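Residue numbers (our numbering): 175 to 406.
Here a beta-carbon is modelled for each residue, glycine too, at the ideal position from N, C-alpha and C.
Fair warning: this is a prediction, and the values are worked out from it, not measured in the lab.
Right, here's the structure in full:
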């Protein structure tokens with residue numbers, strides 16, 4: 175393997191790290207969805223990894239297609255830009271719908287009190303909610319699949335240009351090596367941030383605001399999509 179490929183691999187690793195770190199849309203949706211939906215650490219981990227694989231895998235696949243068919247770099251980048259807009263709008267739509275659903279659920283889930291008078295004249299008061307009583311565990315949860323679809327649509331913009339150098343040098347091994355390095359660093363960074371924040375978030379007690387966690391999660395996804403559209 176040439177020195178150029180090794181240098182490019184180090185560049186791919188650093189770009190993968192900072193691209194993920196500086197892109198909150200890579201981890202905030204998982205952190206807040208995990209809190210709202212009470213995912214276990216195991217479930218949060220596999221959903222994050224699966225979405226990360228879909229995220230980088232789609233760009234790797236596009237780069238390979240471009241290499242095989244000799245598609246110009248500017249055409250690939252234009253297509254990646256179009257995919258980015260599509261993913262951003264998917265974030266916006268999903269986030270908005272989830273926010274509205276979460277807000278409605280929070281309103282319906284407002285705690286209220288019931289008074290019961292027992293036979294001996296004792297007054298008993300208890301507080302409860304109704305929305306949580308109607309949550310059916312056996313229903314299929316499509317939220318992870320929606321997130322996965324959005325991340326598959328979302329491109330890793332820095333990856334395509336990096337792959338084009340070994341492609342120009344007709345170095346298949348170089349392309350594979352760079353793609354693997356970039357993917358591992360990107361997914362590992364996503365997972366490290368998500369798990370660290372999720373672990374810390376578990377110690378945060380929201381009290382009466384707890385019932386608004388779904389609405390908050392939807393708002394975070396919505397804002398992530400808007401940030402992408404605005405180029406932030």
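Alpha carbon to alpha carbon, how far is residue j from residue i? Give it in angstroms, no decimals.
| i | j | result |
| --- | --- | --- |
| residue 413 | residue 368 | Here the chain comprises residues numbered 175 to 406, so residue 413 is not present and cannot be evaluated. |
| residue 315 | residue 181 | 43 Å |
| residue 258 | residue 403 | 8 Å |
| residue 238 | residue 248 | 15 Å |
| residue 241 | residue 272 | 39 Å |
| residue 396 | residue 190 | 24 Å |
| residue 278 | residue 256 | 33 Å |
| residue 372 | residue 200 | 14 Å |
| residue 332 | residue 281 | 43 Å |
| residue 225 | residue 195 | 16 Å |
| residue 211 | residue 204 | 10 Å |
| residue 222 | residue 178 | 32 Å |
| residue 276 | residue 324 | 20 Å |
| residue 355 | residue 382 | 44 Å |
| residue 365 | residue 244 | 34 Å |
| residue 392 | residue 350 | 37 Å |
| residue 370 | residue 208 | 12 Å |
| residue 387 | residue 399 | 19 Å |
| residue 353 | residue 267 | 31 Å |
| residue 348 | residue 236 | 16 Å |
Is it buried or exposed, residue i, if we count other Cβ atoms within 10 angstroms and call 16 or more buried?
| i | result |
| --- | --- |
| residue 254 | buried |
| residue 176 | exposed |
| residue 214 | exposed |
| residue 188 | exposed |
| residue 379 | exposed |
| residue 283 | buried |
| residue 206 | buried |
| residue 265 | buried |
How is residue i classed by DSSP in three states: helix, strand or coil?
| i | result |
| --- | --- |
| residue 404 | coil |
| residue 331 | coil |
| residue 246 | coil |
| residue 397 | helix |
| residue 377 | coil |
| residue 383 | helix |
| residue 183 | helix |
| residue 263 | helix |
| residue 275 | helix |
| residue 365 | helix |
Is residue i a contact residue of the ligand NAP, with contact defined as CB to any heavy atom under 8 Å?
| i | result |
| --- | --- |
| residue 389 | The ligand NAP is absent from the structure shown, which contains no ligand whatsoever. |
Looking at C-beta atoms only, is the number of pairs between the stretch 355-365 and the stretch 226-237 that lie closer than 8 Å three or more? yes
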